[in-house]
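Protein chains in written order, with our numbering: chain W, 4 to 219; chain V, 4 to 112. For each residue, glycine too, the CB sits at the ideal point set by N, CA and C. Computed from a predicted model, the values in this text were never measured in an experiment.
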Amino acid sequence: MSVLRVNPNRMELLKLKRRRDVAKRGHKLLKDKFDELLKEFLARISDSRRLRREVEARLSHAYALLAVARAEAGRTDLAQALLAGEPADLVTTAERNVMSVRVPEIEAGEIPQPGGYSLGTMPAVLDEALEALAETLPLMIELAQREKAIELLAAEIERTRRRVNALEHVLIPSIVETIKSVQMKLDEAERGNLTRLMKVKDMLEQQRAEEQRSAE
Amino acid sequence: MAEKVAIIGDSTSVAGFRPLGVAVFPVAEPADAHAIWPEVASGAYGIVFVTEPVYAELAEEIAAIADRPVPAVTVIPGAGSPGGVGEAKLARAIERAVGTSTLIREEEA
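Printed below as a string of structure tokens:
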């Protein structure tokens with residue numbers, strides 16, 4: 004692991020130790036967040052899967068009915084019959100905060116009753132088809148909300164995992180390594196100092212002994 | 004906040020939604036959806052449903068707004084498309100989060 008470039012002195016050592024503690028605390032917090040996000044995520048998946056399967060099955064059923072209606076009424080007539088209807092406010096959206104991820108809460112409102120076409124000229128199967136679609140639409144809306152939440156959670160989980168890994172495998176080891184190297188350099192300087200003092204003391208004693216000898 | 008729902012796809016798949024109050028954007032070719040996308044994604048709609056061929060065409064644009072809470076873009080099978088794209092999208096999200104999607108598939112089976 005790469006050692007950070009810092010001056011090996013006590014001040015830096017203190018600073019580094021403080022940084023290490025902050026990084027460790029941050030790592031723990033992020034890890035907890037990651038675990039919680041994952042729990043939330045996994046709880047949502049199987050429900051969403053089931054819902055999607057149901058929506059797809061219902062849609063293909065409705066498409067089949069529409070195809071029959073198209074065959075009976077003719078393509079252009081059917082297209083004309085389906086022109087009725089204005090885009091309406093079908094859903095109300097709000098936001099919810101799940102572990103700091105803004106997840107949409109979408110609620111299906113009332114779906115307009117299909118109509119506006121001639122009951123005389125249009126086959127009965129069209130009613131059935133539209134009814135099937137109208138029944139599927141609330142499920143589709145719920146599916147949209149769930150899948151969006153899952154996608155947003157997945158993105159946040161990925162980001163959090165990267166951060167956790169960066170702290171765990173890069174930043175913290177490199178700080179620890181740097182602390183060790185600074186500590187060793189300081190120890191080395193300390194030892195150097197000690198031997199120098201001992202040497203000086205020896206020299207002084209020798210000098211004193213020589214002075215005494217010459218005085219005698 | 005009350006919002007509208009949009010659907011983009013071939014006219015056979017989407018026409019049936021118009022009487023139900025959904026804003027319908029029929030496209031003759033999936034590539035035509037590029038022209039419609041800016042309006043749909045502008046925030047006027049809370050949910051955008053796209054059929055599978057359109058999703059395949061718009062994948063980049065959809066990915067670009069994936070981090071916004073609305074609109075929620077959801078893939079639905081169109082009339083005559085095989086399905087499974089939505090499932091694959093979900094599996095990709097799982098893979099992104101967990102690192103593998105096999106584990107959960109086994110658990111479900």
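Distance between beta carbons of residue j and residue i, contact taken as under 8 Å
i: residue 67 of chain V; j: residue 7 of chain V; result: Contact doesn't hold; Cβ gap of about 21 Å is too wide.
i: residue 2 of chain W; j: residue 97 of chain V; result: Nothing about residue 2 of chain W can be read from this structure; chain W reaches only from 4 to 219.
i: residue 43 of chain V; j: residue 28 of chain V; result: 7 Å
i: residue 24 of chain V; j: residue 68 of chain W; result: The Cβ separation is near 19 Å, so there is no contact.
i: residue 114 of chain W; j: residue 140 of chain W; result: 6 Å
i: residue 95 of chain W; j: residue 4 of chain V; result: 6 Å
i: residue 33 of chain V; j: residue 64 of chain V; result: So it is not a contact: roughly 12 Å between Cβ atoms.
Which of helix, strand or coil DSSP assigns to residue i
i: residue 11 of chain V; result: strand
i: residue 85 of chain V; result: coil
i: residue 124 of chain W; result: coil
i: residue 12 of chain W; result: coil
i: residue 93 of chain W; result: strand
i: residue 144 of chain W; result: helix
i: residue 105 of chain W; result: strand
i: residue 79 of chain W; result: helix
i: residue 109 of chain V; result: In this prediction, residue 109 of chain V has a pLDDT of 47, which is less than 50 and means its spatial position is unreliable; nothing more can be read from the coordinates.
i: residue 29 of chain V; result: strand
i: residue 3 of chain W; result: Residue 3 of chain W cannot be examined here, being either before or after the span of chain W that is shown, 4 to 219.
i: residue 6 of chain V; result: strand
i: residue 181 of chain W; result: helix
i: residue 99 of chain W; result: strand
i: residue 76 of chain V; result: strand
i: residue 113 of chain W; result: coil
i: residue 139 of chain W; result: helix
i: residue 195 of chain W; result: helix
i: residue 49 of chain V; result: strand
Test: residue i CB closer than 8 Å to a CB of chain W
i: residue 93 of chain V; result: yes
i: residue 11 of chain V; result: no
i: residue 77 of chain V; result: yes
i: residue 112 of chain V; result: At residue 112 of chain V, the pLDDT of 41 sits below 50, so the modelled position is not reliable and the matter cannot be decided from this model.
Below-8 Å beta-carbon distance, residue i vs any chain V residue
i: residue 161 of chain W; result: yes
i: residue 77 of chain W; result: no
i: residue 55 of chain W; result: yes
i: residue 42 of chain W; result: no
i: residue 117 of chain W; result: yes
i: residue 122 of chain W; result: no
i: residue 39 of chain W; result: no
i: residue 17 of chain W; result: no
i: residue 33 of chain W; result: no
i: residue 59 of chain W; result: yes
i: residue 52 of chain W; result: yes
i: residue 74 of chain W; result: no
i: residue 82 of chain W; result: yes
i: residue 192 of chain W; result: no
i: residue 177 of chain W; result: no
i: residue 182 of chain W; result: no
i: residue 65 of chain W; result: yes
i: residue 127 of chain W; result: no
i: residue 132 of chain W; result: yes
i: residue 197 of chain W; result: no
i: residue 189 of chain W; result: no
i: residue 7 of chain W; result: no
i: residue 62 of chain W; result: yes
i: residue 200 of chain W; result: no
(message) With three or more beta-carbon pairs closer than 8 Å as the criterion, would you say the region 67-82 of chain V touches the region 137-155 of chain W?
(response) yes
(request) Can you give me, in chain order, the residues of the region 29-46 of chain V that have a beta carbon less than 8 Å from any beta carbon in chain W? (result) none
(message) For the region 45-70 of chain V, list every residue whose C-beta sits within 8 Å of some C-beta in chain W, in sequence order.
(response) 49, 50, 52, 69, 70
(request) Spell out a yes or no on whether the region 91-103 of chain W and the region 117-137 of chain W are touching, meaning 3 or more CB-CB pairs, one atom from each, closer than 8 Å. (result) no
(request) Using a Cβ-Cβ cut-off of less than 7 Å, list which residues of the region 136-148 of chain W approach chain V; keep chain order. (result) 136, 137, 140, 143, 144, 146, 147, 148
(request) Pair every Cβ in the region 121-128 of chain W with every Cβ in the region 178-191 of chain W, then say whether three or more of these pairs are closer than 8 Å. (result) no
(request) Answer yes if the region 29-39 of chain W comes into contact with the region 79-93 of chain W, meaning at least three C-beta pairs across the two stretches below 8 Å, and no otherwise. (result) no
(message) With three or more C-beta pairs closer than 8 Å as the rule, is the region 115-122 of chain W touching the region 60-70 of chain W?
(response) no
(request) Would you list, in chain order, the members of the region 85-110 of chain W that have their beta-carbon closer than 8 Å to a beta-carbon of chain V? (result) 85, 86, 87, 88, 89, 90, 91, 92, 93, 94, 95, 96, 97, 98, 105, 106, 107, 109
(message) Short of 9 Å Cβ to Cβ, which residues in the region 78-90 of chain V face chain W?
(response) 78, 79, 80, 81, 82, 83, 86, 87, 89, 90
(message) For the structure I just gave you, are there three or more beta carbon pairs, one from the region 78-90 of chain V and one from the region 43-57 of chain V, closer than 8 Å?
(response) yes
(message) Beta carbons nearer than 9 Å to chain V: which residues of the region 150-175 of chain W have them?
(response) 150, 151, 152, 153, 154, 155, 156, 157, 158, 159, 160, 161, 164
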